[in-house]
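Okay, structure first, notes after.
In the numbering used here, the protein residues as written are 348 to 678.
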């Protein structure tokens, strides 16, 4: 699907972008693979690892619509990964988060339509479901923009979908590298916000593979959610430092005890497939109608029961301490 195609990823120097780039270059022969991001140092460092003839590096911000339009010229597929993601930082700097996560999403949509891009997938987060923090609220707004973009596409071929998943194991700024740093520095305890806290847990490669598959599955308008395990934060601490005590520090600004990816209020729109869920659009598209129960590659889904909620605290699949230890050792 990606052979001889031009692909652009916003925020491409992040953890996802680098693994996505590695995967595409290993499995396909793209015509161009464009890294669009605003940090020249990170682009320079990435160029040392990825120097394939297809690689292109564009300095630019998703807040800059004109630069995005220029970068998407001749592009077939776009992955929108750029975002301000730190929950406390967003609480203290709300307008900056809004400019990147909401206005940036609008700019990506407009640039994709103007360049007649074939397919766009935007990366979302579990925090966008029933959000209580600004980051989650901006990503919910972004999700709504990308879904509704299918309705304003008109005669353009461009179709938009969203991928929503949980915490990525070992990604920059996440809890695993933070705990590793504290352990290496000889800390006397690991800080735990709340001993009841749970999170959805997905590896970087699983996230990349899920996004790639959904380019094949999508009609446009779907929110794709993978079936993944949950973990308890106390189990993670035990897996990483079994002899180190935990120190309860309290929930940070905007944090939840548990995360949700399919809210109960959307259960009438949720379809279950063998390895994922699909949230169907809340709106009707004026010029087309899809039967989302059978996707573009023929997989069949079925409606969930009314009131169903995909919650990290009630998930049927939890990772054990040993499974967490093995996963961390493989990173």
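Ideal Cβ placement from N, Cα and C applies to all residues, glycine included.
Cβ distance (whole Å) where residue i is taken to contact residue j below 8 Å
i	j	result
residue 625	residue 648	6 Å
residue 507	residue 497	5 Å
residue 381	residue 405	6 Å
residue 408	residue 376	No, residue 408 and residue 376 are not in contact; Cβ-Cβ is about 30 Å, not under 8 Å.
residue 430	residue 448	5 Å
residue 650	residue 618	6 Å
residue 636	residue 620	About 20 Å; that fails the 8 Å criterion.
Reference residue i; option with closest CA among the options
i	options	result
residue 598	539, 415, 569	539
residue 607	456, 654, 439, 477	477
residue 464	355, 526, 444	355
residue 490	503, 502, 528, 474	474
residue 358	410, 400, 399, 439	410
Paired residues, beta bridge with residue i - DSSP
i	result
residue 424	354, 466
residue 615	Residue 615 is not bridged to any residue.
residue 405	383
residue 665	577
residue 528	The partner list for residue 528 (beta bridge, DSSP) is empty, contrary to what the question assumes.
residue 623	573
Beta-carbon gap between residue i and residue j smaller than 8 Å
i	j	result
residue 564	residue 644	yes
residue 487	residue 601	no
residue 546	residue 577	yes
residue 388	residue 428	no
residue 454	residue 492	no
residue 555	residue 403	no
residue 630	residue 495	yes
residue 509	residue 571	yes
residue 518	residue 362	yes
residue 575	residue 548	yes
residue 472	residue 511	yes
Spatial neighbours of residue i in its chain, beta-carbon cut-off 8 Å, leaving aside the 5 residues before and after
i	result
residue 421	353, 379, 462
residue 672	586, 587
Close-in-space but distant-in-sequence residues of the same chain around residue i (CB under 6 Å, 5 per side omitted)
i	result
residue 550	516
residue 627	616, 639
residue 397	368
residue 614	651, 653, 654, 655
residue 544	580, 604
Residues of its chain near residue i, where Cβ-Cβ distance is below 7 Å and the 5 sequence neighbours each way are ignored
i	result
residue 459	419, 425, 467, 505
residue 445	485
residue 521	514, 515
residue 441	481
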